[in-house]
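Just so we're aligned, residue 1 is where the sequence shown starts under the UniProt record's numbering, counting upward by one.
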Amino acid sequence: MMRESMEFDVVIVGAGPSGLSSACRLMQLAKEAEQELSVCVVEKGAEVGAHILSGAIVEPRALNELFPDWKENNAPLTCGVSQDQVIILKDDATSVQLPNFAIPKPMHNEGNYIASLGNLCRWLAQQAEALGVEIFPGFAASEVLYHEDGSVKGIATGDMGLDKSGEQKSGYMMGMELHAKYTLFSEGVRGHLGKQIINRFELNKDCDPQHYGLGIKEQWEIPAEKHTPGLVVHGAGWPLGSQASGGFFLYHGDNNQVSVGLIVDLNYRNPYVNIYEEFQRFKHHPQIATHLERGTRLAYGARAISKGGLNALPSMVFPGGLLIGCNAGTLNVAKIKGTHTAMKSGMLAAEAVFSACVSEQSLTSNDFESRLKESWLYDELYRSRNFGPALHKFGLWTGGAFNYVDQNMLNGKVPFTLRDQHADHAMLKPAEEFEPIVYPKPDGVLSFDKNSSVFLSNTNHEEDQPCHLKLTDSEIFINTNLPVFAEPAQRYCPAGVYEVVDDEQGMRLQINAQNCLHCKTCDIKDPSQNITWVVPEGGGGPGYQNM
1 MMRESMEFDV VIVGAGPSGL SSACRLMQLA KEAEQELSVC VVEKGAEVGA HILSGAIVEP
61 RALNELFPDW KENNAPLTCG VSQDQVIILK DDATSVQLPN FAIPKPMHNE GNYIASLGNL
121 CRWLAQQAEA LGVEIFPGFA ASEVLYHEDG SVKGIATGDM GLDKSGEQKS GYMMGMELHA
181 KYTLFSEGVR GHLGKQIINR FELNKDCDPQ HYGLGIKEQW EIPAEKHTPG LVVHGAGWPL
241 GSQASGGFFL YHGDNNQVSV GLIVDLNYRN PYVNIYEEFQ RFKHHPQIAT HLERGTRLAY
301 GARAISKGGL NALPSMVFPG GLLIGCNAGT LNVAKIKGTH TAMKSGMLAA EAVFSACVSE
361 QSLTSNDFES RLKESWLYDE LYRSRNFGPA LHKFGLWTGG AFNYVDQNML NGKVPFTLRD
421 QHADHAMLKP AEEFEPIVYP KPDGVLSFDK NSSVFLSNTN HEEDQPCHLK LTDSEIFINT
481 NLPVFAEPAQ RYCPAGVYEV VDDEQGMRLQ INAQNCLHCK TCDIKDPSQN ITWVVPEGGG
541 GPGYQNM
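If you want it as structure tokens, here you go:
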């Protein structure tokens, strides 16, 4: 039975900031040139924004270029940053606030906005549709299609209505093929099709391995008298200490709401680190608890972020398309921001693709690379190229001092480049080198168990469907991951997907795929690289609101 197909000029995979910005820019250019152009965006979430999670502070630089009248058109950026704080938590009770002059320049947030990135994407989708873009939410791109010459032809959406064994159920619906002159992959961090594209075309042969962090976020509503609209707090230190590197954020946004989160670098060595539990105890620090007391937790979510920056940026062009946004790794770790850079990468891709479509000549890597290197996006990533590697190599204080000199005194132009060439999963050490970490029990006031948190993420998957978390070798759990690393998946997963069970069947790894938040941490951190995340049935996953 043949799949049905549809033809477009451009197909975009993922309705995040890069994909939607690219779609909007393509249609703007077509309108200006009075050219016909068909653009389609497929989104695996049940609606645009359902799978979008970020802190988020939005720098409006790219948005100003894309839609100069965004304020008049009611874009959901209404809470400007009013004050910045950077705090180092020394232990579970004490802290020190850095003076303003000691903060690296990229971490200052004047002119930026505290916002819901999901709501911004919903607004961008409205603009895209008004320009003539077709958006298909609830359809997961599951396969890359190729021409006979090896170039990308488009994508196929996943079949719907299969049971766990892959057999067709009564509501079975075959996926569709979407063919295009160019396909843009904007799946976000560690996109499973993007990963295949990178490997097939060897796009990362000339760069460092990508580096990642896991960000866990909660949204709270607090009493009006405790709310300071526009307050931005960043910091590092306790509870991670020597166990792992990373940092935290706390933003006072609109409507008496506070976003609080912890980002843990996934290059940590101790397999007993439990990222979810580190986040829960972090909230008990007096500096954080004072913001949340008498508040109500509204939402929970988690997402990996790409932190490798320019040094880990692969070639973004391949025959038939481009990688854009966090699928390539355009986040600026020095600013702790990726929205404006993702949007700009999508806009640059749109300009290169539109030029190729109009000229009817193939898009070359040189065409896009020249646009990229002439842009403020490249300049920004170049100036911050040493920020993450310095913290990884030298630690919080020495690395922070290096970054202060590099960013504030040398403007990001230190005459050498630090490299970090160790893949995150390869950094994990055997469990025998560490003692298990005993975490405090949740109190139900500031800290909570995983099940109640997953409930707040509105995560839902059809349980009777093929598992979207694939094990290359089912024996690795019992032969390697459990005896050597004490099976770290049960601790790095922020949703309780991986559970070690000892019952009449023996010791085994149980995969609770219906809990999956699509954070991709398992695909990244598994020390044996035995877990591959693929898309589940379209529409499944979290249902984030205002996140």
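Cβ atoms here follow ideal geometry from the backbone N, Cα and C, with glycine treated the same way. Computed from a predicted model, the values in this text were never measured in an experiment.
* If you scan the region 51–132 from start to end, which runs of the beta strand (DSSP E) of 3 or more residues do you find wholly inside it? -> 83–89, 95–97
* Which stretch, first to last residue, makes up the beta strand (DSSP E) that contains Ser-306? -> Here the question's residue 306 lines up with position 306 in the sequence shown. 296–306 is the extent of the beta strand (DSSP E) around Ser-306.
* Taking DSSP as the reference, what is the three-state secondary structure of Asp-265? -> As a first step, residue 265 must be located in the sequence shown, where it is residue number 265. Secondary structure at Asp-265: strand, using DSSP grouped into helix, strand and coil.
* Rounded to whole angstroms, what's the CA-CA distance from Gly-538 to Glu-47? Just pull it up for me. => Here residue 538 refers to the residue found at position 538 when the sequence shown is read from its first residue. Here residue 47 refers to the residue found at position 47 when the sequence shown is read from its first residue. Going by the C-alpha atoms only, they are around 10 Å apart.
* **Own chain partners of Phe-402 with C-beta closer than 8 Å, once the 5 adjacent residues on each side are dropped** => Working through the sequence shown from its first residue, we reach residue 402 at position 402. Taking C-beta separations shorter than 8 Å and ignoring five residues to either side along the sequence, the partners of Phe-402 in its chain run Asn-386, Ala-390, Phe-394, following chain order.
* Considering only the beta carbon of each residue, do Asn-256 and Ala-289 sit closer than 8 Å? -> Here residue 256 is taken as the residue at index 256 of the sequence shown, counted from 1. Here residue 289 is taken as the residue at index 289 of the sequence shown, counted from 1. No, Cβ-Cβ distance for Asn-256 and Ala-289 is not below 8 Å.
* To do: Rank Asp-149, Lys-283, Gly-132, Lys-44 by C-alpha distance to the C-alpha of Asp-9 and give the top, closest one.
  => For the purposes of this step, residue 9 is identified with residue 9 of the sequence shown, where counting begins at 1. The option with the nearest alpha carbon to Asp-9 is Gly-132.
* Mind reading off the beta-carbon distance from Ile-216 to Phe-279? Whole number of angstroms is fine, and I expect it under 8 Å. => Residue mapping note: residue 216 aligns to position 216 of the sequence shown, counting from 1. Residue mapping note: residue 279 aligns to position 279 of the sequence shown, counting from 1. So it is a contact: roughly 5 Å between Cβ atoms.
* Asked: Is the beta carbon of Tyr-113 sitting closer than 8 Å to the one on Val-58?
  -> Your numbering for residue 113 matches position 113 in the sequence shown. Your numbering for residue 58 matches position 58 in the sequence shown. Contact flag set, yes.
* Asked: Can you tell me where the alpha helix (DSSP H) with Ser-5 in it begins and where it stops?
  -> Counted from its first residue, the sequence shown places residue 5 at position 5. Where Ser-5 is concerned, there is no enclosing alpha helix (DSSP H), although the beta strand (DSSP E) it sits in stretches over 5–13.
* **The alpha helix (DSSP H) enclosing Pro-137, as first and last residue numbers** => Taking the sequence shown and counting its residues from 1, one reaches residue 137 at position 137. Unbroken run through Pro-137 is the beta strand (DSSP E), 134–137; no alpha helix (DSSP H).
* Count the CB pairs spanning the region 507–516 and the region 430–447 that are closer than 8 Å, and state whether there are at least three. => no
* Quick one: grab the DSSP three-state call for His-211. => Position 211 of the sequence shown, counted from the first residue, corresponds to residue 211. Three-state DSSP puts His-211 in coil, outside helix and strand.
* Asked: How close, in whole Å, do the beta carbons of Leu-266 and Thr-521 come, if the pair is a contact with beta carbons under 8 Å?
  -> As a working note, residue 266 is residue 266 in the sequence shown. As a working note, residue 521 is residue 521 in the sequence shown. Rounded, the Cβ-Cβ distance is 7 Å, consistent with contact.
* Can you tell which of Gly-235, Asn-270, Leu-446, Ile-103 has the C-alpha that lies nearest to the C-alpha of Asp-406? -> In the sequence shown, residue 406 corresponds to position 406, counting from 1. Ranking the options by Cα distance to Asp-406, first place goes to Ile-103.
* Buried or exposed: which applies to Arg-383, given that a residue is buried once 16 or more other Cβ atoms fall within 10 Å of its Cβ? -> Reading the sequence shown from its first residue, position 383 is the one you call residue 383. Buried is the call here.
* Identified DSSP bridge partners for Phe-282 -> In the sequence shown, residue 282 corresponds to position 282, counting from 1. Paired residues: none, contrary to the question.
* Proximity below 8 Å, CB of Asp-208 to CB of Arg-419 -> The residue you call residue 208 lines up with position 208 of the sequence shown. The residue you call residue 419 lines up with position 419 of the sequence shown. Yes, they are a contact pair.
* To do: Just the C-alpha distance for Gly-399 and Met-6, rounded to the nearest angstrom, thanks.
  => The residue given as residue 399 occupies position 399 in the sequence shown. The residue given as residue 6 occupies position 6 in the sequence shown. Their Cα atoms are separated by approximately 51 Å.
* Quick one: what does DSSP say Arg-508 is sitting in, helix, strand or coil? -> Within the sequence shown, residue 508 is the residue found at index 508, counting from 1. Strand, per DSSP.
* Sorted by chain position, which residues of the same chain lie with C-beta nearer than 6 Å to Asn-311's C-beta, five sequence neighbours on each side aside? -> Counting from 1 along the sequence shown, the entry for residue 311 is found at position 311. Cβ-Cβ distances below 6 Å link Asn-311 to Asp-208, Arg-385 in the same chain, with the five nearest sequence neighbours on each side left out; the list follows chain order.
* Is DSSP giving Asp-163 helix, strand or coil here? -> Translated into positions along the sequence shown, residue 163 becomes position 163. Note: Asp-163 maps to coil in three-state DSSP.
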